[in-house]
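Enquirer:
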């Protein structure tokens, strides 16, 4: 028992994703495929700035059929 009632909120996940994808602020900022970023041309230092630059995202992307993306 709690002193005050618990309020639960629920949203349709697909509707939320559609809203994010259609929002003008995110139009040019969405990554749809994994990529590797390096600090120099010799590819000596891998830069990890977000999930799509991690090795795990790259491995998953490589396992998908041609033309498919993680999202």
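Numbering (the numbering used here), first residue to last: 15 to 85. C-beta: ideal position from N, C-alpha, C; glycine also. It should be emphasised that the depicted structure is a prediction, and the values quoted were computed from it without experimental measurement.
The alpha helix (DSSP H) spanning residue 30 covers which residue range?
Expert: Residue 30 -> alpha helix (DSSP H) spans 27-36.
Enquirer: Answer with buried or exposed for residue 105, where buried requires no fewer than 16 other C-beta atoms within 10 angstroms of its C-beta.
Expert: With the chain covering only 15 through 85, there is no way to say anything about residue 105.
Enquirer: For a test of the three-state rule: what should DSSP assign to residue 70, helix, strand or coil?
Expert: Residue state, collapsed to three classes: helix.
Enquirer: Whole angstroms is fine: what's the gap from residue 34's alpha carbon to residue 53's?
Expert: Each residue's Cα considered, the two are about 31 Å apart.
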